[in-house]
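*Asks:*
Written as structure tokens, this is what we have:
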């Protein structure tokens, strides 16, 4: 039965019952009604309207819940589905909406997986080119500068030494960029070693104290989960160093409930009412790929707390 016929029959039942009461009840209406009869009919009309409103409110309550869910749903923040309730077309509508959400989340996850995979491949390619071409070219420039400096007049050696230092710093920066683009240590030595290398880069940020708590008994994680943890840690620490205005950041990676929990907490200015940027949305998309749950919000006592809960999966240990 469609929603229209359901509402129509409810109203028809109320009006029919009211008509029967008027016809069969002890009260009657004269040709020229008196005040008492008008009050009786008015009371009956009010009773019908109240009964009709109550029945419609109960019958359409599932639609109101569905409307609220449709207004607040976010595919990057999966939550519980609206409960399939109600009769006839209402229950079918809610079930169809839930099926649509499942399909959209599945399609988004597949699309994000392809996009992020292509992104990682592009990062590897750029890192390889930086290392093999730009890095080797700068190394050759350093060697040539050293050779020229050894044969240069004394008045030019200081200038050449300064140029060598600038070139060496540029080479170090190129190597740091290549490591951030392609964490080779993650593939070769595992998650914990990659995080320690990341901490070394963050420690160069002036005025930022890093407190870390890394468990050594992490459960087995597959390569995708380790990459997600590393990228979320990288993005979270980069945001703290560049935007938070913090003096301290606490980093924790612990086993929780068969999985792994990552927590990055700083004492900076917090996120406030600012909308989420591309970095945080990228972290959410990565988390969804491995069934993880990411939360970003204010920390107790001020600052920001980034928490990533990754379920345990079979694979090699960290």
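Residue numbers (UniProt numbering): 1 to 318. Yeah, the Cβ is synthetic: ideal placement off N, Cα and C, and Gly gets one too.
(1) Give the C-beta separation of residue 9 and residue 48 to the nearest angstrom, bearing in mind that I take them to be a contact with Cβ-Cβ under 8 Å.
(2) Quick check: the Cα distance between residue 251 and residue 152, rounded to an integer number of angstroms?
(3) With DSSP run on the structure shown, which of helix, strand or coil describes residue 279?
(4) With DSSP as the reference, please indicate the residues paired to residue 264 in a beta bridge.
(5) Compute the Euclidean distance between the alpha carbons of residue 18 and residue 83, then round it to the nearest angstrom.
(6) What does the alpha-carbon distance come out to for the pair residue 267 and residue 93?
(7) Give the list of continuous alpha helix (DSSP H) stretches no shorter than 4 residues that lie fully inside the stretch 111-166.
(8) Enumerate in chain order the residues of its own chain whose CB-to-CB distance from residue 286 is below 7 Å, with the five nearest sequence positions on each side excluded.
(9) Across which residues does DSSP place residue 297 in a beta bridge pair?
(10) Can the beta-carbon of residue 90 be found closer than 8 Å to that of residue 63?
(11) Does any C-beta atom of chain D lie closer than 8 Å to the C-beta of residue 126?
(12) Would a C-beta distance cut-off of 8 Å place residue 248 and residue 212 closer than the cut-off?
(13) Contact between the stretch 178-186 and the stretch 130-147: three or more CB pairs below 8 Å?
(14) Quick one: complete alpha helix (DSSP H) runs, 4+ long, within the stretch 174-257?
(15) From the DSSP output, in three-state form, read off residue 43 for me.
(16) Nearest-angstrom Cα distance between residue 156 and residue 164?
(17) Label residue 310 either buried or exposed according to how many other C-beta atoms from any shown protein chain fall within 10 Å of its C-beta, with 16 as the threshold for buried.
(18) Within its chain, find whatever has a CB closer than 8 Å to the CB of residue 224; leave out the 5 residues flanking it on each side and keep chain order.
*Replies:* Short version:
(1) For the purposes of this step, residue 9 is identified with residue 9 of the chain shown, where counting begins at 1. For the purposes of this step, residue 48 is identified with residue 48 of the chain shown, where counting begins at 1. Wrong, their Cβ atoms sit about 15 Å apart, outside the cutoff.
(2) Here residue 251 corresponds to residue number 251 of the chain shown, with the count starting at 1. Here residue 152 corresponds to residue number 152 of the chain shown, with the count starting at 1. Residue 251 and residue 152: Cα-Cα distance of roughly 50 Å.
(3) Counting from one through the chain shown, the residue named residue 279 turns up at place 279. Helix, per DSSP.
(4) Translated into positions along the chain shown, residue 264 becomes position 264. Per DSSP, 251, 306.
(5) Within the chain shown, numbered from 1, the residue matching residue 18 stands at position 18. Within the chain shown, numbered from 1, the residue matching residue 83 stands at position 83. Distance between the alpha carbons of residue 18 and residue 83: 35 Å.
(6) Locating residue 267 in the chain shown gives position 267, where the first residue counts as 1. Locating residue 93 in the chain shown gives position 93, where the first residue counts as 1. Between residue 267 and residue 93, the C-alpha separation is close to 46 Å.
(7) 135-151
(8) One-based indexing of the chain shown puts residue 286 at position 286. These residues qualify, in order along the chain: 116, 228, 231, 232.
(9) Position 297 of the chain shown holds residue 297. BP columns for residue 297 point to 305.
(10) For this step, residue 90 is matched to residue 90 along the chain shown. For this step, residue 63 is matched to residue 63 along the chain shown. Taking 8 Å as the Cβ cut-off, residue 90 and residue 63 qualify as a contacting pair.
(11) Considering every chain present, this structure includes no chain D. It has just one protein chain.
(12) Translated into positions along the chain shown, residue 248 becomes position 248. Translated into positions along the chain shown, residue 212 becomes position 212. Cβ distance not < 8 Å, so residue 248 and residue 212 don't count as in contact.
(13) yes
(14) 184-189, 191-202, 223-239
(15) By 1-based counting over the chain shown, the position of residue 43 is 43. Three-state result, residue 43: helix.
(16) By one-based count along the chain shown, residue 156 stands at place 156. By one-based count along the chain shown, residue 164 stands at place 164. Their backbone Cα atoms lie some 12 Å apart in a straight line.
(17) Walking along the chain shown from the start, residue 310 turns up at place 310. It is buried - the Cβ of residue 310 has at least 16 other Cβ atoms within 10 Å.
(18) As a working note, residue 224 is residue 224 in the chain shown. If we look at residue 224 and ignore the five residues flanking it on each side, its Cβ neighbours are 289, 290.
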